[in-house]
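J.:
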Amino acid sequence: MYQTRITAAELPVERLLGEYCFPERFREACRACPDYGNDWSCPPGVPSAAEALRPFRTAHVLGMQVFYDAQTRREVSTAEGAEAVRRASYGPAKRVLLETLLALEQTRSGAWTIAAGRCELCARCARRDGLPCRNAERMRYSFSAFGFDLAALARRELGIELLWAANGLPEYDVALAAFLER
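Each residue of the sequence shown is one higher than the one before, starting from 919 at the first, in this note's numbering.
1. Given this structure, state the Cα-to-Cα distance separating P952 from C960, to the nearest angstrom.
2. From which residue to which residue does the alpha helix (DSSP H) around F944 run?
3. Going by DSSP in three states, R991 sits in which element: helix, strand or coil?
4. Per DSSP, what kind of secondary structure is V964 in: helix, strand or coil?
5. Which word fits D1091, buried or exposed, when buried means at least 16 other C-beta atoms lie within 10 angstroms of its C-beta?
6. The alpha helix (DSSP H) with A1044 in it runs from where to where?
7. Might you give, ordered along the chain, the residues of its own chain that have their beta carbon closer than 6 Å to the beta carbon of G1009, omitting 5 neighbours on each side?
8. Determine the extent of the alpha helix (DSSP H) in which A1093 is found, giving its start and end residues.
9. Ordered along the chain, which non-local residues of its own chain (more than five positions away) have a Cβ less than 7 Å from that of R1052?
10. Quick check on this structure: which residue in Y920, Q921, M919, V931 has the alpha carbon closest to the alpha carbon of L1071?
11. Among the candidates G936, A926, T925, A1095, whose CA atom is the shortest distance from the CA of L907?
12. Provide the residue(s) that pair with R923 in DSSP beta bridges, ordered along the chain.
13. Take F985 and list the residues in its own chain whose beta-carbon comes closer than 8 Å to its own, dropping the five residues that flank it on each side.
14. Work out the CA separation of L1098 and F974 for me, nearest whole Å.
15. Taking the Cβ atom as the reference point for each residue, do S1060 and L1068 lie within a distance shorter than 8 Å?
16. Thinking C-alpha only, which one of N1085, A1054, I1078 is nearest E993?
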């Protein structure tokens, strides 16, 4: 049904911020997202990228491509069908990526992860009920919540184009995360 491939690049955090972070450009996209104000890893209330990344010198940017086989792509022709396939493939692959990076954090003093997409540690985020995060020590902010141009970052640093499909599935989906070191 699917295969994954991870591509990585290392760059200085200063360059990551200077060349790819444009929160004002992406603010409206965040406001239009259904997770806006409903997930602790998403705006509003997320620190600025400059503030959150200030302690770090090096960013290891990871692009995980989730490739769908040709038969699956042929069989899925609706947005609903694509979402069902993603729940069974892209979602679990993103969770494995996050768990791997969280485990890696434990081996590197002061390291920190920026997650690929919104936090999915809980079935329902406590923020929706006006409560504090139940997994604050493991929750990581979404890369997009900081206002990064993820399409440019993936293309220029990883050689990966982000693909979109109105109905059905693209050849692959991409999850971008970063592992930061001091």
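From the three backbone atoms N, C-alpha and C, an ideal C-beta is built for every residue, glycine too.
T.: Inspection of the coordinates gives the following:
1. By 1-based counting over the sequence shown, the position of residue 952 is 34. By 1-based counting over the sequence shown, the position of residue 960 is 42. Going by the C-alpha atoms only, they are around 10 Å apart.
2. Walking along the sequence shown from the start, residue 944 turns up at place 26. Start and end: 941-950.
3. Locating residue 991 in the sequence shown gives position 73, counting from the first residue. It is helical.
4. In the sequence shown, residue 964 corresponds to position 46, counting from 1. Reduced to three states, the DSSP call for V964 is coil.
5. Against the sequence shown, residue 1091 aligns to sequence position 173. Classification of D1091: buried, given that the 10 Å Cβ count is 16 or more.
6. Taking the first residue of the sequence shown as 1, we reach residue 1044 at position 126. First-last for A1044: undefined, no H or E at that position.
7. On the sequence shown, position 91 is the one that residue 1009 refers to. So no residue of the chain qualifies.
8. Stepping through the sequence shown from its first residue, residue 1093 is reached at position 175. Premise fails: A1093 lies in the beta strand (DSSP E), 1090-1099, not in any alpha helix (DSSP H).
9. For the purposes of this step, residue 1052 is taken as residue 134 along the sequence shown, with counting starting at 1. Answer for R1052: C1040, A1044, listed in chain order.
10. Counted from its first residue, the sequence shown places residue 1071 at position 153. Minimum Cα distance to L1071 is reached at V931.
11. The chain is shown only over 919 to 1100; residue 907 falls outside these bounds and no answer can be derived.
12. What you label residue 923 is simply residue 5 of the sequence shown in a count that begins at 1. According to DSSP, R923 bridges with Q983.
13. Locating residue 985 in the sequence shown gives position 67, counting from the first residue. Only Y920, Q921, T922, R923, E1089, Y1090 meet the Cβ criterion.
14. As a position in the sequence shown, residue 974 is number 56, starting the count at 1. As a position in the sequence shown, residue 1098 is number 180, starting the count at 1. Going from the Cα of F974 to the Cα of L1098 covers about 6 Å.
15. Position 142 of the sequence shown, counted from the start, is the residue given in the question as residue 1060. Position 150 of the sequence shown, counted from the start, is the residue given in the question as residue 1068. With respect to L1068, S1060 sits apart: the two C-beta atoms are not nearer than 8 Å.
16. Within the sequence shown, residue 993 is the residue found at index 75, counting from 1. Cα-wise, what sits closest to E993 is N1085.
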